[in-house]
Each structure stands twice: as C-alpha cells, then as structure tokens.
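Residues in the sequence shown are numbered consecutively from 1, following my numbering.
Backbone N, C-alpha and C define an ideal beta-carbon position, used for all residues, glycine too.
This report concerns only the one structure given below.
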Amino acid sequence: MSQKPVLGLIGAGKVGQVLMRLLYKADYQIGAIYSRTPPTALAGQVQAIIASDPRDVAAHADLVVIALPDDAIAEVAARVSSVALDGKGVVHTSGAHGVDQLSVLAENGAMTGSLHPAYPFASVEKALTELPGSTFAIEAENNLLAVWLGDIVRALNGSILSIPPGSKALYHAAMTIASNYTVTLYALAQQLLLTLSDEHEAVDGALNALTAATVENLRTQGIPDALTGPLVRGDVSTVAAHLVALEQYDQHAADLYRQLARQTLPMVRARGVATDELENLLGRS
Ligand SMILES: NC(=O)c1ccc[n+]([C@@H]2O[C@H](COP(=O)([O-])OP(=O)(O)OC[C@H]3O[C@@H](n4cnc5c(N)ncnc54)[C@H](OP(=O)(O)O)[C@@H]3O)[C@@H](O)[C@H]2O)c1
Numbered sequence: 001m002s003q004k005p006v007l008g009l010i011g012a013g014k015v016g017q018v019l020m021r022l023l024y025k026a027d028y029q030i031g032a033i034y035s036r037t038p039p040t041a042l043a044g045q046v047q048a049i050i051a052s053d054p055r056d057v058a059a060h061a062d063l064v065v066i067a068l069p070d071d072a073i074a075e076v077a078a079r080v081s082s083v084a085l086d087g088k089g090v091v092h093t094s095g096a097h098g099v100d101q102l103s104v105l106a107e108n109g110a111m112t113g114s115l116h117p118a119y120p121f122a123s124v125e126k127a128l129t130e131l132p133g134s135t136f137a138i139e140a141e142n143n144l145l146a147v148w149l150g151d152i153v154r155a156l157n158g159s160i161l162s163i164p165p166g167s168k169a170l171y172h173a174a175m176t177i178a179s180n181y182t183v184t185l186y187a188l189a190q191q192l193l194l195t196l197s198d199e200h201e202a203v204d205g206a207l208n209a210l211t212a213a214t215v216e217n218l219r220t221q222g223i224p225d226a227l228t229g230p231l232v233r234g235d236v237s238t239v240a241a242h243l244v245a246l247e248q249y250d251q252h253a254a255d256l257y258r259q260l261a262r263q264t265l266p267m268v269r270a271r272g273v274a275t276d277e278l279e280n281l282l283g284r285s
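Structure representation (structure tokens):
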C-alpha cells in the first residue's frame, strides 16, 4: 500500500459524507471539506476544517474527491483549476460522467480520474454499513492516482472495476440496464398480471419472489446457468403462445419480448439447446 494521501471533499451530500466517514475510520486524514451548506457535523466527525471556497480544499489535500451533483462538477472544477495542482489528485464520484469533466484540472497539473461506487445511496446510515464490500469503478489517467484509488477501495473492503478513461458512458449504460431496466421489466410484468387480477399484494409477492430468486441464481450460478424458462427448455410452442397473448395485449410489449428473447438466444445455445426453430419464430433482425 502506498502512503495514504490526505483527502479533501467538495460536496458533502450522501456519497461524500459516507466516503469520508468510512475512510476516516480507515485511518485516512481528511484535510478540508467544502460544500454549499457548511458541513459542520461532518467536519466534526472526521476532524477536518471547513473550507469557505472549493479552491481551499485543494490546498489542504493530496487527493480531492468531488461528490457534487453531476451538473455541478464541471463548473466547480473550473473554479478549482485556478490554483496550483501539480502532484494533486482530483476525482469525481459520478457514474454518468467521465474524467473529461475534470480536464481543466488536468491541464493545470492535476492527476484526474473518477471513483464510482456501484451502490445506491438511499440514506447515509444505511450506506455506512452496506457500502463496504461494494464494487467501485475506477478511471485514472495516472499510475499514482490509480494506486491511491485502489488503496481506498481496498480500505473499504471493496472490489475494483478498472475501466479505460473515456469509457464512462458505456459503463453507465450497462449499470442502467442492470439496475433501472430491471425495474422497468418488473413494472411491465406487474401491469400484465394486474390485467388478470386486482390482488396487488399477491402480484407483487409473486414478482418479488421470482426476481429475488433470479438475482440469487445469477449470483451463485452466473451466466448462462442462471437462465431458466421456456427458451432454455426449447419449448417453442410456449414461446409462440406468449407472443400471441402479448400481441393481443400490446404490440410494444410483444416487440420487447421478441427482442429480449433474441438477445437471450446466445445463452440458450451456450446451454447446448438448438435454437433454429426459436430463431424462425422470433425473426432474425
Ligand atoms: N446517490 C447515489 O446513489 C450515488 C451513487 C454513486 C455515485 N453517485 C454520484 O455521487 C455524486 C453525489 O451524489 P449524492 O447522491 O451524494 O448527491 P447529494 O446527496 O445531492 O449531495 C450533493 C452535495 O453537493 C452539494 N452541492 C450541490 N451543488 C453544489 C455547488 N455548486 N457547490 C458546492 N456544493 C454543492 C450539496 O449541498 P446542499 O446540501 O447544500 O444541497 C450536497 O451536499 C453525483 O455525481 C452522483 O452521480 C451517487
């Protein structure tokens, strides 16, 4: 492990508070914190000074963590870029934005990157116990910064997912598919079931058990073994019946089902099931 950098924080919201409190407990020194509302409680908890300007955070830290709302990052980075940053690291915690948001800082000598905790921060207290052990995506344009960020993730008992600088949009699209669109698919299944029954609780009970078991199968068995259902059984007539039923309900739902089924076929083949008939049924485009 390299020598621990002194940390600074800009943006004392959920992510910033949790990272600083956990890293302080892991023996990191927190030099200074700046936020729109003076972060009095956090500064006391991590023994940091409260900066009155984001530029002062850089003066008191080796590695500045910017945990601002996505839209505020570039503007605050531009303000910080007016101070000397040689040898300092600056990272943001956004999942959506790349390291390019900090390019003004890199032009001014900073090592820039991003550190995205792949964890939903619903509340500070919950995250303080649940964040350790999570995966963190790291983008770093410099080796020393990559080492610092790797050490931070290890201090949080986390796993590192290193991604090349400039690839954040694809990374975030993947996270969005896994997290947000699971909710979309659940909502569609719920709508379909509620056309058959008005027992909302029973419908949610069935879907919650099914999705929880599927996530557990993914965790323990991975792809392609976690896949169950008619495709992997080669039940072509069942899939055909699904399409007829969905087309009567809503053409968009039927089209989505077809697309998802086609996307699933490589996994079906990987399980040793022939897919010719399924391909004919689903279409190849
Ligand atoms: N929430 C998540 O689940 C999650 C997960 C991973 C990554 N992230 C990323 O982490 C970053 C922070 O998210 P968050 O959920 O912690 O946001 P948040 O709870 O809304 O906190 C943002 C903090 O920034 C402060 N702030 C806003 N605009 C400012 C400005 N112009 N200058 C100084 N301070 C300003 C806010 O101050 P006030 O308190 O005064 O409003 C607040 O303390 C985002 O980039 C987000 O994408 C979030």
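Would you tell me roughly how many angstroms separate the C-alpha atoms of residue i and residue j, rounded to the nearest one?
i: A209; j: T40; result: 43 Å
i: D250; j: V268; result: 26 Å
i: S134; j: L185; result: 24 Å
i: Y28; j: P5; result: 7 Å
i: H172; j: V91; result: 17 Å
i: P164; j: G283; result: 36 Å
i: I160; j: H116; result: 10 Å
i: T182; j: A118; result: 16 Å
i: Q221; j: L207; result: 20 Å
i: D70; j: K168; result: 13 Å
i: Q3; j: Q47; result: 20 Å
i: I30; j: N157; result: 19 Å
i: A236; j: T176; result: Checking the sequence shown, residue 236 turns out to be Val, not Ala. Cα to Cα, the separation comes out at about 31 Å.
i: H242; j: S123; result: 40 Å
i: A106; j: Q45; result: 31 Å
i: G87; j: L149; result: 15 Å
i: N142; j: G89; result: 9 Å
Who does residue i pair with in a DSSP beta bridge?
i: P117; result: F136
i: S179; result: Paired residue(s): none; S179 is not in a bridge.
i: M111; result: G89
i: I160; result: F136
i: A34; result: Residue 34 is actually Tyr in this sequence, not Ala. Partner(s): I10.
i: V64; result: G8 and V90
i: I49; result: A32
Would residue i and residue j qualify as a contact pair, given that the criterion is a beta-carbon distance under 8 Å?
i: T270; j: P224; result: In the sequence as presented, Thr is not what sits at residue 270; that position holds Ala. It is a contact, given that the beta carbons lie within the stated cut-off.
i: A61; j: A155; result: no
i: L289; j: V65; result: The first residue shown for the chain is 1 and the last is 285, placing residue 289 beyond what the model contains.
i: E313; j: V99; result: Since the first residue shown for the chain is 1 and the last is 285, residue 313 is missing from the structure and cannot be characterised.
i: T214; j: A226; result: yes
i: N108; j: L85; result: yes
i: T264; j: L231; result: yes
i: V15; j: F121; result: yes
i: A127; j: T93; result: no
i: G234; j: A261; result: no
i: P54; j: R79; result: yes
i: I33; j: L42; result: yes
i: A58; j: V83; result: yes
Is residue i near ligand 3, in the sense that its beta carbon is under 7 Å from a heavy atom of that ligand?
i: A96; result: Absent from the structure shown: ligand 3. Ligands present: ligand 1.
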